[in-house]
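Chains as they are written, first to last, in my numbering: chain A, 7 to 152; chain B, 20 to 304.
C-beta atoms are modelled at their ideal positions from N, C-alpha and C, and glycine is treated no differently.
Here the structure is a predicted model, which is why all the values come from computation and not from measurement.
First up is the structure itself, then whatever we jot down about it.
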Amino acid sequence: MGTPLLTVLVATAEQEVFHGEAARVIAPSVDGELAILPGHTPLLAQLRPGILRIYCLGNEEEPYECTDVVIVGGYLEAQPDAVTILADAIERADEIDAALAAKAVEQAKQHISNSKGMNIDRAIMELELAIARLQVARKNQPHSLN
Amino acid sequence: MASAKDIRNQIKAVQNTSKITKAMELVAASKMRKAQNRARDAKSYAEGIERIIHNLMQSHPEYAHPFLVERPQVNRVGVIVVSTDKGLCGGLNSNVLRHALGLMREQQVKIDVLTIGRRGAAFMRRFGANSLGSREEISDAPVIGDIIGLTKIAMNHFIDGKLDRIFLVSSEFINTMTQRPKVVQLLPCPEVREPTHSGYWDYLYEPESREVLDGLLTRYVESLVFNAVIENKACEHSARMVAMKSASDNAKDIIKDLRITYNKARQAAITQEIAEICAGSAATS
Numbered sequence: 007m008g009t010p011l012l013t014v015l016v017a018t019a020e021q022e023v024f025h026g027e028a029a030r031v032i033a034p035s036v037d038g039e040l041a042i043l044p045g046h047t048p049l050l051a052q053l054r055p056g057i058l059r060i061y062c063l064g065n066e067e068e069p070y071e072c073t074d075v076v077i078v079g080g081y082l083e084a085q086p087d088a089v090t091i092l093a094d095a096i097e098r099a100d101e102i103d104a105a106l107a108a109k110a111v112e113q114a115k116q117h118i119s120n121s122k123g124m125n126i127d128r129a130i131m132e133l134e135l136a137i138a139r140l141q142v143a144r145k146n147q148p149h150s151l152n
Numbered sequence: 020m021a022s023a024k025d026i027r028n029q030i031k032a033v034q035n036t037s038k039i040t041k042a043m044e045l046v047a048a049s050k051m052r053k054a055q056n057r058a059r060d061a062k063s064y065a066e067g068i069e070r071i072i073h074n075l076m077q078s079h080p081e082y083a084h085p086f087l088v089e090r091p092q093v094n095r096v097g098v099i100v101v102s103t104d105k106g107l108c109g110g111l112n113s114n115v116l117r118h119a120l121g122l123m124r125e126q127q128v129k130i131d132v133l134t135i136g137r138r139g140a141a142f143m144r145r146f147g148a149n150s151l152g153s154r155e156e157i158s159d160a161p162v163i164g165d166i167i168g169l170t171k172i173a174m175n176h177f178i179d180g181k182l183d184r185i186f187l188v189s190s191e192f193i194n195t196m197t198q199r200p201k202v203v204q205l206l207p208c209p210e211v212r213e214p215t216h217s218g219y220w221d222y223l224y225e226p227e228s229r230e231v232l233d234g235l236l237t238r239y240v241e242s243l244v245f246n247a248v249i250e251n252k253a254c255e256h257s258a259r260m261v262a263m264k265s266a267s268d269n270a271k272d273i274i275k276d277l278r279i280t281y282n283k284a285r286q287a288a289i290t291q292e293i294a295e296i297c298a299g300s301a302a303t304s
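Okay, here's the thing in structure tokens:
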């Protein structure tokens with residue numbers, strides 16, 4: 007009791023993805039991974055493709071329950087007691103096909119070696135997104151097999 | 020009095036009409052459920068971004084984004100009107116358009132309009148308003164891409180100083196029976212009336228405040244307009260269902276009245292025939 011929590015809202019333009027209390031949020035900002043704990047100073051950050059992790063309080067054995075989703079980009083606002091994440095798009099683990107994701111990673115790598123100049127940024131973004139997808143899908147796989 | 024045959028034809032005609040209205044009612048009811056769900060799902064994002072902008076208006080950013088600054092002199096005003104493409108949805112469009120017209124008359128300056136939906140576009144054309152752009156035939160499952168072109172025009176005009184203030188007029192979905200026209204000031208972002216975060220503070224920005232604010236405020240405008248479009252869809256199908264239901268009910272009443280008139284006419288004809296036969300037989304016997 008007494009642990010301060012964050013009120014977290016994750017939403018895309020079409021629907022709400024997560025709304026509830028969490029102990030910690032880790033988001034991929036354009037300048038690097040960003041961990042937000044309760045009491046954070048007000049912050050506005052732009053997000054890049056990657057994994058968004060939300061740590062909710064769990065039971066005694068496992069103090070934290072972690073929810074991973076793939077975020078395609080968006081914005082994050084932090085206040086001391088709340089985090090609002092407005093995503094351009096979100097993919098949940100059960101929506102991702104691991105085999106397809108692995109193929110996409112290979113493809114994205116090829117794109118990077120083939121493209122030059124302006125296109126390279128785009129290719130890197132695509133690779134990041136593909137890797138995030140693969141990671142989330144792999145992490146979730148044992149559960150889906152049981 | 021109309022002959023029995025005329026009345027029979029009339030009943031037939033009303034029945035046919037009521038079949039159509041009944042079908043439209045059912046179609047609208049199923050679309051309404053989907054549209055209402057969609058409007059509810061989309062609300063989170065809109066509320067989230069509105070809360071952020073509300074907080075942002077109370078902070079003291081070093082970079083004054085044009086969207087956040089009220090202009091001292093307003094020379095030209097933009098109005099974005101959200102209406103439906105199709106009619107037969109009760110007073111929904113006329114309410115919104117009347118509101119828009121009221122707003123336009125209030126302004127002391129020149130006005131440009133941007134319209135979403137064919138009804139609004141046609142009305143503004145008739146009215147002779149200067150249109151900057153129009154978006155028609157948005158599907159029942161709108162995506163943000165449907166309105167980006169239009170909001171881009173509005174925002175560019177605002178940034179270039181061709182418009183100093185932009186309003187958004189749309190229908191607010193309250194419940195299936197009630198929809199209310201709503202006017203909000205889209206740009207510049209309205210000033211905060213009830214401060215929730217006092218003191219002199221500012222956000223940390225990642226990366227630069229300019230980059231973050233540019234992106235965020237663009238999203239904010241798009242989100243408000245997108246939300247208005249989604250809500251308008253929910254309003255449209257609800258209003259149409261209610262309108263078609265009352266049309267079907269009306270048809271039922273009319274058929275009932277016509278039936279009574281028809282039966283009366285038929286009875287009168289029979290009575291008359293009997294009277295004539297009786298009179299005839301009385302005369303011969």
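At least 8 Å separates the beta-carbon of residue 114(A) from that of residue 140(A). Between residue 243(B) and residue 97(B), the alpha-carbon positions lie close to 15 Å from each other.
Uninterrupted beta strand (DSSP E) stretches at least 3 residues long and entirely within the stretch 193-236 of chain B occur at 198-206 and 223-225, given in chain order.
Of the residues 254(B), 60(B), 31(B) and 249(B), the one whose Cα lies closest to the Cα of residue 106(B) is 254(B). In terms of Cβ geometry, residue 47(B) and residue 246(B) do not form a close pair [threshold 8 Å]. At least 8 Å separates the CB of residue 9(A) from every CB of chain B. Distance from the CA of residue 188(B) to the CA of residue 257(B), rounded to the nearest whole angstrom, comes to 19 Å.
The beta carbon of residue 222(B) falls within 8 Å of a beta carbon belonging to chain A, placing the residue at that interface.
Residue pairing by DSSP puts residue 72(A) in a beta bridge opposite 61(A). Boundaries of the beta strand (DSSP E) harbouring residue 52(A): 49-53, taken from the DSSP string.
As a beta-bridge residue in DSSP terms, residue 25(A) pairs with 15(A).
Contact annotation for residue 92(A) against chain B: 64, 67, 68, 71, 235, 238 and 242 [CB-CB distance below 9 Å, chain order]. Under a criterion of Cβ atoms nearer than 7 Å, no residue of chain B is adjacent to residue 117(A); the nearest Cβ is some 24 Å distant. Neighbours of residue 74(B) in chain A, taken as residues at a C-beta separation under 8 Å, are given in chain order as 48, 83 and 85. With 16 or more other CB atoms across the displayed protein chains lying within 10 angstroms of its CB, residue 80(A) is buried.
Scanning chain B for C-beta atoms nearer than 7 Å to the C-beta of residue 36(A) yields 225 and 226, reported in chain order.
The Cβ-Cβ distance between residue 100(B) and residue 128(B) does not fall below 8 Å.
At least 8 Å separates the CB of residue 33(A) from every CB of chain B. If you check each beta-carbon in the stretch 42-61 of chain B against every beta-carbon of chain A, the ones closer than 7 Å belong to 60 and 61. Within the stretch 143-175 of chain B, 163 place their CB atoms closer than 7 Å to a CB of chain A, listed in sequence order. Around the beta-carbon of residue 85(A), 16 or more other beta-carbon atoms lie within 10 Å, marking it buried. By the C-beta density criterion, residue 204(B) is exposed, having fewer than 16 other C-beta atoms within 10 angstroms.
Per the Cβ contact rule, the stretch 196-203 of chain B is not in contact with the stretch 72-91 of chain B (fewer than 3 Cβ pairs under 8 Å).
At a cut-off of 8 Å between beta carbons, residue 78(B) contacts chain A. By the CB criterion at 8 Å, residue 55(A) and residue 131(A) fall inside the cutoff. At least one CB atom of chain A sits nearer than 8 Å to the CB of residue 245(B). Against residue 141(A), chain B offers no close residue; the least beta-carbon distance is about 22 Å (beta-carbon pairs closer than 8 Å). For the pair residue 10(A) and residue 124(B), the Cα-to-Cα distance works out to about 52 Å. Minimum Cα-Cα distance from residue 108(B) among the listed residues 265(B), 291(B), 285(B) and 220(B) corresponds to 265(B).
Under the 8 Å Cβ criterion, the stretch 51-66 of chain B counts as touching the stretch 12-24 of chain A, having at least three qualifying pairs. Just measuring C-alpha positions, the residue of 99(A), 13(A) and 26(A) sitting nearest residue 142(A) is 99(A). Residues of the stretch 44-77 of chain A whose Cβ lies closer than 7 Å to any Cβ of chain B, in chain order: 47, 48, 49, 50, 51 and 52. Rounded to whole angstroms, the gap between the alpha carbons of residue 103(B) and residue 277(B) is 35 Å. Proximity of chain B to residue 135(A) at the Cβ level (cut-off 7 Å) is not reached, the minimal Cβ distance being about 18 Å.
At a cut-off of 8 Å between beta-carbon atoms, residue 18(A) makes contact with chain B. Under the three-state reduction of DSSP output, residue 37(A) falls in the coil class, being neither helix nor strand.
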